Amino acid sequence: MEKKDQDPKSKSAKTISRRGFIRGAGLSTAGSVLLTSNVLALDYKEQPAVGAAFGPGTMTIKMKVNGTTKSLRVEPRTTLASALRDHLELTGTKVVCDRGACSACTVYLDGKPVNACMMSALDVGDKEVTTIEGIAKNGELHPVQAAFIEHDASQCGYCTPGMVMSCVHLLEHNPNPNLEDVKDATRGNLCRCGTYPHVFKATLAAAKKTI
Amino acid sequence: MNKFSWYEAKSVEDALEQVNSTVSDELYQSSENATIFKSGGVDVFDWVKEGLLKPQMIVNIRNIPGLDKISYDPKKGLRIGSNVTLAEIGSDPEIKNQYLALHQAVNHAATPQLRNVSTLGGNIAQRNRCWYFRSADHNCYRKGGDRCFARHSKTGENENHAILDNGSCVSVHASSIATALMAFNANVVIVNAEGKQKTVPMDDFFVSAGEDMAMENILQAKEIITEIVLPPPSKNTKSSYIKQVARESYDWSLADVAVVMEVSGNTCKSASIVLGAAAPVPYRSVEAQQAIENKTINSENATAAAKAAMAKARPLSKNDYKVPLFVSTITQTILDIS
Amino acid sequence: MDTRKEKFPYGIPGHNLGEVEREIPVEEPPVWPINDKLKVIGKRVARIDALEKVTGKAIYTSDIKLPGMLYAKMLRSNVPHATISSIDISKAKSLPGVHAIHLIENTPKEGEENSSNKYPMVKYVGQPLGGVAAESLEIAKDAISLITVNYEEKPFVVDMERAMEINAPIVFDTPITQRQDGGDVGETHDGSKGEGNVRGPSTSSFFGGPRGNLEEGFNEADVIVERTYRTQVHTHMPLETHGVVVDWNADAMTVYASTQNTAAVRNEMASIFNLPKSKVRVICDFMGGGFGAKHSAGSFGPMAGNLAKKTGRPVWLMLDRQEEHLAEGNRPNSMQYLKIGAKKDGTLTGIQQRSHGTAGVGLGAGVGRIAQILYPCPNFATEQYDVLTNAGPGAAWRAPGNVQGAFGLEQAIDEMAEKLNVDPLSYRDRIDPSEVRKVERQRGAELFGWSRRQAPGSSKGLVKKGLGVGQSTWPRFVTLDSSVEVKIHKGGGVEIRSSVQDIGTGTKTILAQVVAEELGLQVNDIKVNIGDTFFPVGPGSGGSVVTGSITPPTRNATFEAKTVLLKLVAKKWETDSSELFMADGQVSHKTNASLKMSFKEATQLMRTSQISKIASRSDDYGGFQQPWGLAYGDLGSVQFAEVSVNTDTGFVKVDRIVAAHSCGRPLNIGQLESQINGGVIQGVSYALYENRVMDIGTGHMMNANVHQYKVPLSMEIPEIETIIVEEYSGRSSTDAYGIGEPANIATAAAIANAVYNAIGVRLYEIPITPSSILKALGKVS
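Chains as they are written, first to last, in the numbering used here: chain D, 8 to 218; chain A, 3 to 340; chain Z, 381 to 1161.
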C-alpha cells in the first residue's frame, strides 16, 4: 500500500548545509538584540515602540480595558488571557483549550472577537480590549445577557462568557439574525454541557428586543 | 511558553535584520538562540506552547506598515498584503465577486475569532497538523527524527493523512486557503535580507517532503512574504471550492478541492484543479485538468476527471475512504462551476 | 414511629393519574398536589446564579486568587510502562521563583514488582510523578521542563484486543482493587479474579444475578439475534479542568475544589493528611463541568496539599487540557457480544451478554444493567470483563456502563423487530411493561412523526434520510446521607445551607424553588449557600441522585422551620397554627380573612435571631428496593433520531432528536430542557464524533487537546425537542428525581438505528464516520 520510493535521509545533505549557513548568520544578530532588550526591560514603556526589543523579563505596559487604562507588569510571553485573568483579575475570560480552539477566552480587540489565549499581551498595543466584564453598561445588562438568563442559556457557565461575547458581537453587526447566523457566530465556541439550543434561542430572542 | 524577548519590527528590512531562523529550521534541529517571525501568531504560539519551539526572540511583523492592504485592478489582478487577516479577505466584496473559490475557502477556515487574527502570510506558511509532528513525544522525520509514525501500517493513526505523494512524510498541508490560491495561479512575493524581491508561483512555493523533509515551503530564514498576487480573471473565468470536514463548525480539511476554469458556454477551455488534504503540500491534479479540458462540464466528464485525479492515490492503512471522498468532492466542485 | 396516612397523586397526568395512600412520618409536610396547582415548582424559573455567569462575575476554582498564592504544575510520565531509575530535580530547584518540589514516593506492597523502588512504577502516559510550586504558572512550567526522569522502559499495551492475548505485556502482575474514590466508574468490579490482563467476570448487580436457564431460553426461541457491538473510549473534557486551591493554615485546611462531591474531597484530604474532618473545609461555589469524573481529590489534591505544607502558602493547581485528557478519567470502551432470543409473537426468551472493556489501569469497564432490566426476560446472564491496559484510568461518565450497554441492546431489539417483521416502536410496546415509556413512545412518536418512517434503505437519492428510536432506563438512586439546614432570619431572610454542590445542573435554583414554594415566597427571597463542607453534608452530584436526595429534606426542614414561625403567629392571633398558611409573602388564616401578616412581620415575632432546622433524607414512603437507597420505579426515556447520510461522501448528520423523558415530579422545566439537550448532544458526539485516539506503537494519546478531540459545535447541533412526562409516585415530600444520566443513554443507539434505516446496512461500531459508512456501503474495502 505504501510506496517506498523516497528515502528522506538521502536529502539531508542539502538540508544540513542550508541550516549550517543560517545558524552561523544568526549568532551575531541575536547577541545584539539581547543587549537591547535588557536595557529596555528596565525602562518604563507605555507600549512597545516600533523597532524596539522588549523582555524577556517583565516590563510595565499600559492597556486600555473596558474603557479604563490599566498599568500592568508582563513578560512578552504573558498571553492576553493571562494578563486579564492573573494581572487585572478579570477572570470572566476563561482559558479552556489554551490553543484557540474553544473560544472561551473571547475578548474584543478594537471591537473584533479574538482568542485572548493565542496572543501576547504585547500584541494588544494601543488597541482597546473589551472583556465580558465590560459588556453590561452602567449596571444594565446587554439584551443578550438578559436573554441568556431568561432562556437558561448556561449550565456550568464556563463557556458562557465566550458565548455571550460571540452573540453580542453578532447582534451589534446584524440586528436581525436567523438561526444560521447565530450558529455561524458561535461556531468556534465549545460548550461541553450542550447548552447550544438555549444559546440559539436566547440570541434570537435578544435580537427581537434590540430592533 | 519559554521566556522570550520581543522585537517590534518597524519595517520589512528591520525585521529581516533581526531574524536568524524559521519555525521549520527550529523544529528540525533546534538551536539555542533562535529568532523567528510571528504575524498573527496562531501557529507560532501553538508550537511554543507545545514546547517544541523555544525561541530566544520573537520578531513581531504584525504591525509593519504597508503589508495590510487589499487592492484589486481588473487588469493587474488582486494583491493581498501578507498581514491582511482572513476576516478581511473573507468580507471583501471584490474577492467574492472575482475570486469566489478564495472567498469560500477563507470563510471555511478556522473560527471567526481566529480569522480576526490569522494573516494570509501566516496561513500559507503554517506547518502541517499531523498529530505526530505536533507531539513532543514523537520525533518524526519532520523534526529530524528517524521515522514516520503515521505511515506505519499496523500502528499509524493516519485517518487524516495523505493519499498522494505520500512516499516519505504522509502529513497533509494545513492551509485550505492555499488550495484555492494555487488554483488561481497565485504568486507569492518574497523579500530577502538584501532587499531583493522575488515572485514565486504557488506551485513552486511549496516544497514536497521528498525534496526537503525539514520544510514545507521555500521560505528561508531571512525571507519574508510581503504579498500574494492573483492574476486577473477574464470574463469567462469561473471558480468553485468545496471543503469536506468531519465537523462543519470548525475543522481541518479531510478533502478540499478548488477549481478555476476558463469556460466557453458549458465547455471547459482550461482548468486549474487543486486538491487540499490529499498530499503533504497542495496538490495540483494535472490528470484531472487534462481530463476535463475541452470537454463539456457534465456529470460524466466531471466524474471521469475526478477518477483521473485519484488514479495515483495510494491510501494508507486507515484513510482509504479519502479516495471516494475526493472522487465525490472533485466531481461536485467541477459541477459547481456550471 | 409516629406516622400518618396521606393520599398522594399517583401516575401520569393525562394518562392514568390516580391516588395512592402512603404512611408517612408525622413530622413531614402534607402532600403537594400535581405541578399545575403549585406556584414555583414545575415552572420555568430562571437560574438564580445566571446573572453571575452571564456577566463573568462567577468565581470558579480556577479563578481563585489568594494573597501570597503560588501556582503549581504537575510532573507526569511520558512513557507508558516503566520503572523509574532516577529523577533529577537539581536544575528545577535552583530556578528563581520555584518554592517547592514534591515527588510522589512509592508505597511498596510486599510481593509487588518495583517494591524496592523509591518511586512508583509508571503504568501509563500522563501518570502523576510530582509537582512544583512557583510564583507564576509560567515559572512552574519552566521548572517542570527542567526535571529529568530516567526510565527503564517495559513492554506495554494500550489496545484492548491486543491486551487480551495470552502473550500480551502484563499491565499488573498482581490482583488489583478498584479505587474507592474518584476511580468510581459507577460499577464495582473485582480485580483479583482472572488471567493476564483480563479480570472478572462480574456477573451480578444490585438487581441480582443470572436468571433462569439461557440454553432453554434459546431453545424456545423462534428468532435469534446474535451480534458483537463496539464502542470507543471517550474522555470527559469538562471546560474547567480538575483542580484545587489549597489554603492551609494553623486553624484549618481550606480546599477550593472543582468537584462534584465536596464531602468526598473533604474526607479524602482529611484522611490523607491525618486531619480531623472538622479541620478540612472544601468549598465549591461555581464549577465548570464534571460529567462524572470529578468525585475525588485525585492526585492533584494531595499534591497541592503537600506543596502548601512545604511552602506555607496557598497553592493553586489546575490541570491543563492535555493532563485532563490523559489522566482524569474516560468512559471505557466496550466489545459486547449480545445474543437475544424471542418467540414468533415477540416474547423474549433469552438475553445473553458478554462484554470486555478497558478502563486503562482502572477497573469498572462494564456495560451496565440495561440488558438485565429494560425488558423483562426470564432467562438472562451477563459476564462483564475488565481488560487492563497501559492507559489513563476510567471514571464514571454520565450513566456509566449503560450508555455502552444501550448501544448494543437497543440495536439488537431493533434488529429483532425487523426479523419479526414488526415496527420497532410497536415491538417495544409489546415487550416493555413500563407505563411511562409507553406514554413517552406515544407522545414522542406523534411529535416526531414516526409514521413517516420508511423501510430500511428505501430512501431515494444521494443523501438518504433515516428515522430511529432508542430507549433507556436509569435507577432512582437516593443518597441517604443528605442533609440541609434551613434558616429563617429575624427580619426576613431565608437561607439554605448544605455541602451539596451545583455542577451546572441548577441545584441551587431547585433548592430555592422548594423553599420558596413551601414558604409562599419568591425564589429570589431565598439565599442558597451550598458547596461548603462546613454546612450539613449533602450528596455527591453523580448518578442523578441529587434532586431525589436533597429536595425532600430541604422541603422537610423548611416545613419544620415554618411550623415554628406559624406557632409564633398563632400565639399572637390566639388561634391554632394549623389554621394558618403561608402564600404570596404573607401568613394568612384559612377562615378569617382579616388575619394577615407579611412574612417579614411574622419573623419579627421571633425571640431568637433565627429559626434553624436541619433535616436529613428519610426513607422513601413505602420503603426502598434496597435499603441503601435503591428506590422503586425508574427514570425512563425514549429518544427518536432523524439522520441524513450522504452515501457519496459518507458524512452523517443528525437533523433532529425528539427526547421524551421522565423524572418523577419535574421541578424546573427550563433547566430540565437544558440537561436533556446536553445529554442528547453528548450522545450525538459519542455516536459520530469523539474518540480517544491512542497510538498503539508508542502508548500516547494523539488528540489530547480540544482541536483534535472532536466534539460537536454549533453547526453539528440537531434540532432537539423535549417532552417531559410528569410521573407521580408519592415516594417523598417532593417526589422529584434527576435527569442527568437518563438524558445521555439512548441517543447513540437511536442514531445508529436511524443510520440503519437510512442506508439499510447496520453499523455495529461507534463512532460512525465517513470511513465506516463508505465501508458499510462497499465503496471502500
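Glycine residues also receive a C-beta, built at the ideal position from the N, C-alpha and C atoms.
Predicted model, so just to flag it, every value in this text is computed and none were measured.
Check                                                                                                           : Outcome
Interfacial residues, the stretch 108–123 of chain D to chain A, with Cβ spacing under 8 Å                      : Ala108, Ser110, Thr113, Leu116, Lys119, Pro120, Val121, Asn122
Supposed contact pair Leu475(Z) and Ile519(Z) - C-beta distance, whole angstroms, cut 8 Å                       : 7 Å
C-beta neighbour in chain A for Pro182(D), strict 7 Å                                                           : no
Classification of Ala786(Z) by the beta-carbon crowding that lies within 10 angstroms, buried from 16 upward    : buried
Extent of the continuous beta strand (DSSP E) run through Tyr765(Z)                                             : 760–767
Ile414(Z), DSSP secondary structure in three states                                                             : coil
Distance, Phe6(A) Cα to Pro83(D) Cα                                                                             : 7 Å
Under 7 Å between C-beta atoms of Gln292(A) and Ile275(A)                                                       : no
Separation of Gly1002(Z) from Gly146(D), as counted between CA atoms                                            : 51 Å
Contacts that Arg194(D) makes with chain A (C-beta to C-beta distance below 9 Å)                                : Thr113, Pro114, Glu250, Ser251, Tyr252
Chain A residues whose Cβ lies nearer than 8 Å to that of Gly62(D)                                              : Lys5, Phe6, Ser7, Trp8
Strand pairing of Pro389(Z), partner residues [DSSP]                                                            : Glu399(Z)
Terminal residues of the alpha helix (DSSP H) in which Ser301(A) lies                                           : 301–311
Amino acids of chain A, ordered along the chain, whose beta-carbon sits closer than 9 Å to that of Lys1090(Z)   : Ala248, Arg249, Asp253
Among Phe61(D), Met70(D), Pro168(D), nearest to Leu95(D) - alpha-carbon criterion                               : Met70(D)
Min CB distance Met66(D) to chain A below 7 Å                                                                   : no
Candidates Glu1070(Z), Arg402(Z), Ile1146(Z), of which the one nearest Thr383(Z) by Cα                          : Arg402(Z)
Below-7 Å beta-carbon distance, Val626(Z) vs any chain D residue                                                : no
Within-7 Å CB hit, Ile994(Z) to chain A                                                                         : no
Own chain, CB closer than 6 Å to Ala111(D), minus 5 neighbours either side, in chain order                      : Lys101, Val103, Cys166, Gly169
Where the stretch 416–436 of chain Z meets chain D: residues whose CB sits under 7 Å from a CB there            : Ala426, Arg427, Ala430, Leu431, Lys433, Val434, Thr435, Gly436
Backbone CA spacing between Ala797(Z) and Ala1138(Z) [nearest angstrom]                                         : 16 Å
Per DSSP, the bridge partner or partners of Cys142(A)                                                           : Arg149(A)
Trp777(Z) burial status per 10 Å Cβ neighbour count (16 or more: buried)                                        : buried
Chain-ordered neighbours of Asp322(A) on chain C, where CB pairs are closer than 9 Å                            : Annotation note: the requested chain C is absent from the structure, which comprises protein chains D, A and Z.
Neighbour list for Leu91(D) in chain A, Cβ cutoff strictly below 9 Å                                            : Within chain A, no residue comes near Leu91(D); the closest Cβ sits about 15 Å away, beyond 9 Å.
Three-pair Cβ contact test at 8 Å for the stretch 905–918 of chain Z versus the stretch 880–896 of chain Z      : yes
Where Leu18(A) sits in the DSSP three-state scheme                                                              : helix
Exposure of Val551(Z), with buried meaning 16 or more beta-carbon neighbours within 10 Å                        : buried
CB contact flag (Asn1133(Z), Asp627(Z), <7 Å)                                                                   : no
Leu842(Z), buried or exposed, once every other Cβ within 10 Å from all chains shown has been counted against 16 : exposed
Pairwise C-alpha distance: Arg129(A) and Asn35(A)                                                               : 21 Å
Run of the alpha helix (DSSP H) containing Ser951(Z), from where it starts to where it stops                    : Note on identity: in this sequence residue 951(Z) is Lys, with Ser being the wrong assignment. Segment 926–953, the alpha helix (DSSP H) holding Lys951(Z).
Beta carbon of Ile1076(Z) nearer than 7 Å to that of Asp539(Z)                                                  : yes
CB of Ser1054(Z) within 7 Å of CB of Gln152(D), strictly                                                        : no
Residues that Gly349(Z) contacts on chain A, provided the C-beta gap is smaller than 8 Å                        : Missing from the structure shown is residue 349(Z); chain Z here goes from 381 to 1161 and no further.
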